Amino acid sequence: MWLNQFLLLGAVLFCIGVYGVLARRNGVMVLMSIELILNAVNINFIAFGAYHGTPIGQVFALFVIAVAAAEVGVGLAIVLLIYRNRSSIDLESANLLKG
Amino acid sequence: MIASLLAQASQVPFEAPVIDFHALAPEIVLVAFTAVVLLVDVIKLEEAKRLIPGLTGLAMLASLIPVISLALDGADRSLFGGAFVVDNLSLVLQAMFLLTAYVVTLLSSNYLAEGDFWESEFYLMLLSSVLGMVLMCSARDLVSIFVALELLSIPAYMMATWEKRNLRSNEAGLKYYLMGVFASALMLYGMSLLFGVSGSTLLTEIGAAIEGGSSSTPIVTLGIVLVIVGFAFKVSAVPFHTWAPDTYEGAPTPVTAFLAVASKAAGFVALLQLIFVGFLGRTDVIEPLMWVLAAASMTVGNLIALRQTNVVRLLAYSGIAQAGFMLAPLAVSGSNPDDALTAVVTYLLIYAGMNLGAFAVIIAVSRKTRSGEISSLGGLFGYAPGLTVAMTLCLASLAGIPPLGGWFAKFVVFRALTAADTPAGYALAIVVALNSVIAFYYYGLVLKAMWFSPAPDGDTTPIRVPVSLLSALTITVAATVLFGVFPGLIGHFTGNLAGLLSFAGG
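One line per chain: the protein sequences are Z and S, in this order. First residue of the first sequence: 1, per this note's numbering; consecutive thereafter. First residue of the second sequence: 1, per this note's numbering; consecutive thereafter.
Spelled out as structure tokens, the structure:
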């Protein structure tokens with residue numbers, strides 16, 4: 001069975017994505033890192049679905065793809081809004097609220 | 001693989017599943033009203049602004065009708081192979097979400113009309129988000145929990161950013177969005193592991209597969225922890241709370257009220273279903289995790305709340321502490337499941353009333369003062385005694401002073417913890433008691449400013465409270481007081497929740 005190789009790929013993508021979210025300071029790069037995590041999830045779902053011989057894994061992956069598209073649409077809109085208002089998408093500069 | 005599936009499917013005659021439309025009626029009514037609101041906005045343009053708040057309120061109340069008729073009917077219903085369940089638990093929570101959303105609509109209408117906001121679209125977002133919450137109450141399947149979570153979160157990200165030209169609102173939305181999306185990505189990875197172990201997305205089947213010590217224990221543990229962490233972000237439990245104060249402060253205040261009450265409650269609903277339907281066989285993982293989350297949320301939330309000067313930020317940290325109180329019964333979910341479930345649901349219902357009431361007063365007062373500082377509440381008793389009394393009742397209830405609702409909520413949490421009769425339960429009960437005492441101090445600071453301090457700039461013109469805000473205040477304060485004076489009333493709603501467990505197992 002080839003399951004472990006897919007899972008390994010998924011785990012590596014997941015770790016790269018989590019590192020990107022935590023370490024990157026550019027709004028768009030963070031969004032891309034989140035996409036990496038979601039793709040790791042998709043690989044997992046499809047691999048497990050094939051392993052169990054059920055289509056549920058693929059169905060779930062389709063749901064994840066569709067919802068992630070909506071999510072990124074909203075995210076890019078928010079990043080664009082911030083870029084218009086302050087000409088920067090550096091997350092470090094978003095520090096008006098603290099305490 | 002898809003081609004082979006299609007080939008298989010073409011040989012099997014298609015049978016349409018039997019759909020119980022009564023069970024789906026609350027969601028259908030909401031969807032229908034969402035479509036109507038969208039059409040009215042498109043057709044009537046500027047005129048729509050006067051119609052849509054009323055239509056939105058009507059939508060919430062109209063969806064309550066099927067919820068009530070389902071409750072009177074009393075039968076548990078299960079659709080789509082057990083992925084969608086209507087039982088006492090889901091009905092009580094659906095009613096709570098719809099009433100909360102109705103109050104939020106009342107809070108929003110004047111606030112939006114008087115500020116620089118897009119109005120009609122806001123209510124569309126509110127309706128979509130509430131649809132997600134109502135769906136979450138019935139979801140007993142990973143796919144439907146995920147879809148419900150995103151349906152309620154994505155509009156909420158936009159609502160937090162609604163004040164487009166305000167940098168603080170932008171920042172609030174960005175922080176909420178990034179943390180929310182990261183959390184749901186972690187949760188999805190956990191879900192994929194649980195699916196891998198069990199080969200199913202139904203919570204009952206996952207529960208059966210992970211029960212006891214199987215060979216894949218580390219994967220199960222990792223899956224459960226990641227899923228719980230995903231929802232810990234949603235309920236703003238420490239250490240996943242960092243977005244909450246910033247988002248609450250920067251977002252428009254009615255949205256803050258919505259996030260602090262409805263969105264947080266939705267996270268708890270998901271946690272309840274995951275734990276009590278899915279993970280009850282693995283309380284060796286759940287109980288310690290919940291113990292740590294609950295104790296950390298209560299303590300950290302309360303301690304940071306002590307040094308806040310902005311009343312919205314103070315309520316944000318108090319909300320984190322309250323989330324800790326609500327998580328506490330889950331730390332005994334294995335040894336005392338029935339009491340723990342009832343305690344969390346009771347706390348959620350009462351918390352919705354008292355917290356919305358506090359936000360309603362803040363919205364009313366900031367119409368005049370244009371400020372969220374605690375000092376701006378000074379001398380409030382002199383020129384707005386009614387608002388002062390309402391705020392006092394809500395804050396005293398949040399602090400847990402009898403005979404108000406919050407006291408009863410804390411009492412059931414305490415009872416669930418001690419009735420479990422385990423060392424961990426008693427230890428957490430002590431943490432709950434200590435934190436209740438700390439909370440008195442910062443709620444007291446706000447009360448002191450309102451009753452005894454002079455008005456900051458000597459301006460004591462009375463506050464004009466619009467009708468919608470007044471009705472919101474009446475509903476929330478009445479709920480806060482009634483649930484405290486007649487605790488039996490809430491027991492009437494939550495008394496037979498234990499039926500959930502037996503039904504989910506069958």
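For each residue, glycine too, the CB sits at the ideal point set by N, CA and C. All figures in this text were calculated on a predicted structure; none of them were measured in a lab.
Any beta carbon from chain Z within less than 7 Å of residue i's own beta carbon?
{"i": "T201/S", "result": "yes"}
{"i": "G250/S", "result": "yes"}
{"i": "D20/S", "result": "no"}
{"i": "G173/S", "result": "yes"}
{"i": "T161/S", "result": "yes"}
{"i": "L445/S", "result": "no"}
{"i": "T170/S", "result": "According to the sequence shown, residue 170/S is Asn rather than Thr. True, the Cβ-Cβ gap to chain Z drops below 7 Å."}
{"i": "G506/S", "result": "The predicted model places G506/S with a pLDDT of 30, which falls under 50 and marks its position as unreliable, so this point remains unresolved."}
Cα separation between residue i and residue j?
{"i": "T256/S", "j": "G27/Z", "result": "24 Å"}
{"i": "P53/S", "j": "L39/S", "result": "14 Å"}
{"i": "N44/Z", "j": "F276/S", "result": "26 Å"}
{"i": "V285/S", "j": "P337/S", "result": "15 Å"}
{"i": "G425/S", "j": "F48/Z", "result": "38 Å"}
{"i": "I65/S", "j": "P26/S", "result": "8 Å"}
{"i": "V220/S", "j": "Q5/Z", "result": "19 Å"}
{"i": "L80/Z", "j": "A3/S", "result": "41 Å"}
{"i": "T422/S", "j": "I206/S", "result": "27 Å"}
{"i": "L501/S", "j": "L62/Z", "result": "For L501/S, the predicted model reports a pLDDT of 47, less than 50, meaning its position is unreliable and no value from the coordinates is stated."}
{"i": "F14/Z", "j": "G444/S", "result": "46 Å"}
{"i": "L327/S", "j": "V344/S", "result": "7 Å"}
{"i": "S375/S", "j": "R307/S", "result": "13 Å"}
{"i": "K44/S", "j": "L51/S", "result": "9 Å"}
{"i": "V269/S", "j": "L93/S", "result": "8 Å"}
{"i": "V235/S", "j": "S453/S", "result": "34 Å"}
Going by Cα to Cα distance, which pick from the options is closest to residue i?
{"i": "D459/S", "options": "K410/S, T476/S, M450/S, T369/S", "result": "T369/S"}
{"i": "G82/S", "options": "G278/S, G196/S, K49/S, S128/S", "result": "G278/S"}
{"i": "T474/S", "options": "I438/S, F381/S, G357/S, A455/S", "result": "G357/S"}
{"i": "H241/S", "options": "Y189/S, V225/S, Y176/S, A399/S", "result": "Y176/S"}
{"i": "E150/S", "options": "N166/S, M133/S, A296/S", "result": "M133/S"}
{"i": "S436/S", "options": "G57/S, G319/S, V229/S", "result": "G319/S"}
{"i": "A364/S", "options": "L193/S, L380/S, L178/S", "result": "L380/S"}
{"i": "F258/S", "options": "L280/S, F452/S, M125/S, D339/S", "result": "M125/S"}
{"i": "M60/S", "options": "V29/S, T392/S, S333/S, D20/S", "result": "V29/S"}
{"i": "G250/S", "options": "S453/S, V485/S, G173/S, I228/S", "result": "G173/S"}
{"i": "A208/S", "options": "A262/S, V238/S, P218/S, L280/S", "result": "L280/S"}
{"i": "V103/S", "options": "F408/S, A316/S, L470/S", "result": "L470/S"}
{"i": "F97/S", "options": "Y442/S, A427/S, K264/S", "result": "K264/S"}
{"i": "G230/S", "options": "M187/S, I362/S, E114/S", "result": "M187/S"}
{"i": "L482/S", "options": "L377/S, F408/S, A416/S", "result": "F408/S"}
Within 10 Å of its beta-carbon, does residue i have 16 or more other beta-carbons around it, so buried, or fewer, so exposed?
{"i": "N88/S", "result": "buried"}
{"i": "W243/S", "result": "buried"}
{"i": "A16/S", "result": "exposed"}
{"i": "W2/Z", "result": "exposed"}
{"i": "V12/Z", "result": "exposed"}
{"i": "S93/Z", "result": "exposed"}
{"i": "G372/S", "result": "buried"}
{"i": "Y189/S", "result": "buried"}
{"i": "W118/S", "result": "exposed"}
{"i": "F182/S", "result": "buried"}
{"i": "N302/S", "result": "buried"}
{"i": "E46/S", "result": "exposed"}
{"i": "P252/S", "result": "buried"}
{"i": "A7/S", "result": "exposed"}
{"i": "T201/S", "result": "buried"}
Residue i touches chain S at which residues, Cβ-Cβ below 7 Å?
{"i": "F45/Z", "result": "S192, F195"}
{"i": "G20/Z", "result": "None at all; the shortest Cβ gap to chain S is about 10 Å."}
{"i": "V28/Z", "result": "By Cβ distance, chain S contributes nothing, its closest Cβ being about 12 Å from V28/Z, past 7 Å."}
{"i": "R86/Z", "result": "L167"}
Using a cut-off of 8 Å between C-beta atoms, extract the partners of residue i located in chain S.
{"i": "A69/Z", "result": "Here the premise fails: no neighbours, minimum Cβ distance about 11 Å."}
Verify the CB distance criterion: does residue i have a CB-CB separation below 7 Å to chain S?
{"i": "A94/Z", "result": "yes"}
{"i": "F6/Z", "result": "no"}
{"i": "V41/Z", "result": "yes"}
{"i": "L81/Z", "result": "yes"}
{"i": "V12/Z", "result": "no"}
{"i": "L9/Z", "result": "no"}
Just to make sure I have the definition right: I need the residues of chain Z whose C-beta is within less than 8 Å of the C-beta of residue i. Which are they?
{"i": "D246/S", "result": "L97, K98"}
{"i": "A139/S", "result": "Within chain Z, no residue comes near A139/S; the closest Cβ sits about 13 Å away, beyond 8 Å."}
Does residue i have its Cβ less than 7 Å from a Cβ in chain C?
{"i": "L38/Z", "result": "The chain inventory of the structure shown lacks chain C, comprising the protein chains Z and S."}
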